[in-house]
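Residue numbers (our numbering): 222 to 579.
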């Protein structure tokens, strides 16, 4: 943030008033770094005293604005540097404050690293976690986003639906037990909270209404249990109508990304079903489409802009079946992934905290 600081009253030398004019002979060169010589002013009869030994007024006026500008520039540089340092310390503080409107403050990319995938990964990865949910159907793996320093985590509803126990692993490897705070199956969102957590790194929630097709994005999650995996791509489309099951009890019997099963969360798009049958209980939401590589385990993780702000919660991906090869599992990402816009999450955050959607 810069300003064009121009001191008032500053004039260029060609606009200065006429220098001091004397009726006496005055040799300016006689006063440049030498002792005053009175003989240089031998005037007319009457012996008038010579002018005082200092530079003409015009010179003093020309130098004063320059000195003032230099001082202002130096002050602006010092203040600017101090401000940048302060902002960096605040952003790296680790604990996110939550406002009344559901806004969440968190760590963002430093000014020097903006626009780089490595900068986004370094800033945001500590706020992305792996979620392991155990139920009677088995164990599923997903991802989540830390939004408060005391352990509030946003994820997909289908990641924790039906879970009897939830274990969360941070990027540092430390594990916590988590409890469900609230769920919203209609939006495929859930909020869980870690037990006895404090001082966690948090993510900053951005504004998905500002997202444009072609914007570069980064996805972070735990595909196949590989915690903290980073991929990148672009936003491929906006406002895609994606239909998903409200829980993991679809008629196909497929749960959310069961370990070792190679199964993905089933969803519908364009009148077709992908990754299995979504069942009878479904919900439809507007999604961001991305070609950033998403794989089983990315659900609930973050889709991030190049400023390090969360713009979406990754929720579904299409993987063509590789049954032709005889493996019976599903192939990896083909660049067709979907994320719930972060503005949908922000509008739903108070409801999730109150548990009203459960």
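Cβ coordinates follow ideal geometry from the N, Cα and C atoms, glycine included.
Exposed unless 16 or more other CB atoms sit within 10 angstroms - verdict on residue i
i           : result
residue 447 : exposed
residue 458 : exposed
residue 404 : buried
residue 511 : buried
residue 520 : buried
residue 398 : exposed
residue 558 : buried
residue 430 : exposed
Distance, residue j Cα to residue i Cα
i           : j           : result
residue 568 : residue 575 : 13 Å
residue 420 : residue 362 : 25 Å
residue 563 : residue 525 : 10 Å
residue 565 : residue 375 : 12 Å
residue 514 : residue 454 : 7 Å
residue 393 : residue 378 : 25 Å
residue 509 : residue 372 : 26 Å
residue 580 : residue 347 : The question about residue 580 has no answer here: the residues shown for the chain are numbered 222 through 579.
residue 357 : residue 406 : 20 Å
residue 450 : residue 418 : 23 Å
residue 396 : residue 415 : 9 Å
residue 339 : residue 439 : 10 Å
residue 336 : residue 498 : 39 Å
residue 466 : residue 364 : 18 Å
residue 424 : residue 452 : 17 Å
residue 533 : residue 523 : 6 Å
residue 570 : residue 401 : 14 Å
residue 462 : residue 487 : 14 Å
Nearest neighbour of residue i, chosen from the options [CA to CA]
i           : options            : result
residue 408 : 536, 440, 557, 514 : 536
residue 433 : 426, 527, 502, 376 : 527
residue 572 : 510, 464, 410, 346 : 410
residue 441 : 539, 517, 570, 358 : 517
residue 539 : 359, 358, 555      : 555
residue 436 : 424, 456, 430, 428 : 456
residue 464 : 532, 341, 337, 502 : 502
residue 381 : 396, 391, 413      : 413
residue 341 : 534, 507, 529      : 529
residue 507 : 533, 531, 561      : 561
residue 345 : 383, 487, 460, 427 : 427
residue 505 : 531, 532, 460, 533 : 460
residue 422 : 343, 487, 462      : 343
* **Stretch pair the segment 432-448 + the segment 368-375: three plus CB contacts closer than 8 Å** => no
* Can at least three beta-carbon pairs, one atom from the segment 340-357 and one from the segment 387-399, be found at a separation below 8 Å? -> yes
* Asked: What are the start and end residues of each continuous beta strand (DSSP E) run of 3 or more residues lying completely inside the segment 500-527, in chain order?
  -> 503-511, 523-525
* Could I get the ranges of all uninterrupted beta strand (DSSP E) runs contained in the segment 348-372, with 3 residues as the minimum, in chain order? => 349-356, 359-367
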